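Scroll down for the structure; my scribbles are underneath it.
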DNA sequence: ACGTAGACTTGATAAAGATCAAGTTTCGAT
DNA sequence: ATCGAAACTTGATCTTTATCAAGTCTACGT
């Protein structure tokens, strides 16, 4: 990877505090790869070859079992993924595919583990990163076990609105079937749940969702920082 | 805490590789506390005061939302819990209570963070620990999203049998209502699901579960290392 | 040993969610 | 602009899970 492209990656909490030398060691071993949309990046069950960092585009993390498939997360720039598998050198628990054309920075797993062994600042940053991700999954499990599908959707809308700047107008950049899978429901039920939320201040048409009445929506959704982050 | 009690804790992967001096710093600040059964240890939403280590007895990690409660994990000796909250100094996402009389080693959170800052081996061990826990929650979420409640029970039986030594006779040491909550179902449905599994080689009576036909049970359960660990 | 509270089971019913089957809309390719 | 495939919606039905309501069992304290 060329040096002028390093800065955004260097700015990530995971790499911010490590030594210049060790960061260079990671980047020199890494390469930036372009992928078209809907291409498989990694498959659950395989051993990790690379630490992946989404630099551009979006990536779906999903898992299959017994003919079913579910979306576990959708990763956007600039974020690492499958860090836990790389550091433990154990098989991936998730598969990954591009949702859009994407640029992925790929750092050889061995290099990551080597640098991890000699750079204490990197090790400490990794602890913070993993602890944060861990908490994300705790929240996801609570969300799944303690809410109905309509409530999950309502809270997703509130959260997504905040991420998109709080304009109360959300533009979907993924298929609704993907959103349904991420929220743990079928596409059919996402449709019905959206229709249901009309009674709680939500208007939707095509790829747009509009919050007409935040108070009413929040009243129904019962957002909770211990579940929604 | 007295020095003769340190050895089992010192043997944990999390503490094994750190310097003698820093381990002593942790232990000298720590104290071993006895609790009766059914006592609250921590409450979600609070800021962490201590890293907890179950030395004896069993502890339930659970969460509440909107009048509902769900069990997230049951922790047995010798294991740390709420590590992620301690290291990030952020509010607990889970509550904890004793299920039986228990001994808990409590290490002040500040001490843990201090030692973490200066002992690289501890930081690296923490990465491994957190990565492992992270993967546990990924599996839990997959288990929840990709299986029916009866399948979750069937796989729990297979797994618990392995943990108890593969004798095909499981002795429950927790209430069935707790097990139901851990597996994401109501007590009523746990009863019905157990009855259902009679058709797949499982006999149960009171606190005992017997696997009469492992092949039949496995055939129904479809165990998968990417979900069950 | 007895009594009682709580745990467990079982049945009936309701709610939530999935599946099946049309239709309709959207969007990209020609 | 048109066509066709895929995405989306809506309705009907079925499965899964939760809730309500008895009952039975179990374990513990007196």
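Chains as they are written, first to last, in our numbering: chain A, 7 to 235; chain B, 7 to 235. Backbone N, C-alpha and C fix where the C-beta goes; we use that ideal spot for every residue, glycine too. Predicted, not measured: the structure shown is a model, and the values here were computed from it.
task: Using alpha carbons as the reference points, say which of A:149, A:99, A:58, A:154 lies closest to residue 142 of chain B.
output: A:99
message: I'd like to know if residue 50 of chain A contacts chain B, where contact means its C-beta is closer than 8 Å to some C-beta of that chain.
response: yes
- request: Examine chain B for any beta-carbon lying closer than 8 Å to the beta-carbon of residue 72 of chain A, and answer yes or no.
  value: yes
query: Among residues of its own chain, excluding the 5 on either side of residue 156 of chain B, which ones have a beta-carbon nearer than 6 Å to its beta-carbon?
result: 199, 202
- request: Measure from the C-beta of residue 194 of chain B to each C-beta in chain A and report whether the shortest distance is under 8 Å.
  value: Chain A contact via Cβ: absent.
field: Host alpha helix (DSSP H) of residue 112 of chain A (start-end)
entry: Looking at the DSSP string, residue 112 of chain A is not in any alpha helix (DSSP H); the run it does join, the beta strand (DSSP E), is 108-114.
- prompt: Helix, strand or coil: how does DSSP classify residue 170 of chain A here?
  reply: coil
message: Output needed for residue 42 of chain A: all residues of its chain with C-beta closer than 6 Å, excluding positions within five of it in sequence on either side, in chain order.
response: Listed in chain order, the non-local C-beta contacts of residue 42 of chain A below 6 Å within the same chain comprise 107, local neighbours out to five positions each way being set aside.
field: Buried versus exposed, by CB contacts within 10 Å (16 or more), residue 135 of chain A
entry: buried
task: Kindly indicate which three-state DSSP category residue 84 of chain A falls into: helix, strand or coil?
output: For residue 84 of chain A, the three-state secondary structure derived from DSSP is coil.
- prompt: According to DSSP, what are the bridge partners of residue 38 of chain B?
  reply: B:111
Nearest to residue 67 of chain B (by Cα), restricted to the options B:25, B:86, B:55: For the residues B:25, B:86, B:55, the minimum Cα distance to residue 67 of chain B belongs to B:86.
query: If you follow the alpha helix (DSSP H) that residue 231 of chain A is part of, which residue opens it and which one closes it?
result: Boundaries of the alpha helix (DSSP H) harbouring residue 231 of chain A: 231-234, taken from the DSSP string.
Where residue 121 of chain B meets chain A, residues with beta-carbon distance less than 9 Å: Neighbours of residue 121 of chain B on chain A: none; closest Cβ ~12 Å, over 9 Å.
message: So residue 76 of chain B contacts chain A; which residues on that side make the cut at Cβ distance below 9 Å?
response: 147, 148, 151, 152
- request: Go ahead and pull the three-state DSSP assignment for residue 207 of chain A.
  value: coil
Own chain, CB closer than 7 Å to residue 227 of chain B, minus 5 neighbours either side, in chain order: 157, 160, 161, 164
Distance between residue 223 of chain B and residue 53 of chain B (C-alpha atoms, nearest Å): 44 Å
- prompt: Which word fits residue 44 of chain B, buried or exposed, when buried means at least 16 other C-beta atoms lie within 10 angstroms of its C-beta?
  reply: exposed
message: If we define contact as Cβ-Cβ less than 8 Å, is residue 230 of chain A a contact residue for chain B?
response: yes
query: How big is the Cα-Cα spacing for residue 83 of chain B and residue 69 of chain B?
result: When only Cα atoms are considered, residue 83 of chain B and residue 69 of chain B end up about 21 Å apart.
Where residue 136 of chain B meets chain A, residues with beta-carbon distance less than 7 Å: 133, 136, 137, 140
message: Could you tell me the alpha carbon to alpha carbon distance between residue 213 of chain A and residue 183 of chain A, rounded to whole angstroms?
response: 12 Å
query: With a CB to CB cut of under 6 Å and the five nearest residues on each side skipped, what residues in its chain are close to residue 118 of chain B?
result: 57, 92
DSSP bridge partner residues for residue 1 of chain B (one or two, in chain order): A question about residue 1 of chain B goes unanswered here, because the residues of chain B that appear run from 7 up to 235.
query: Roughly how many angstroms lie between the CA atoms of residue 104 of chain A and residue 146 of chain A, to the nearest whole one?
result: Computed Cα separation, rounded: 22 Å.
field: Whole alpha helix (DSSP H) elements within the region 119-183 of chain A, 4-residue minimum
entry: Within the region 119-183 of chain A, the runs of alpha helix (DSSP H) at least 4 residues long that lie entirely inside it are, in chain order, 126-152, 155-169.
From B:137, B:188, B:124, B:109, residue whose alpha carbon lies closest to that of residue 38 of chain B: B:109
- request: List the whole-angstrom C-beta distance separating residue 24 of chain B from residue 90 of chain B, where the pair is believed to meet the contact cut-off of C-beta under 8 Å.
  value: With a Cβ gap of about 19 Å, residue 24 of chain B and residue 90 of chain B do not count as contacting.
field: Neighbour-count burial assignment, residue 34 of chain A, 16 or more Cβ in a 10 Å radius
entry: Exposed.
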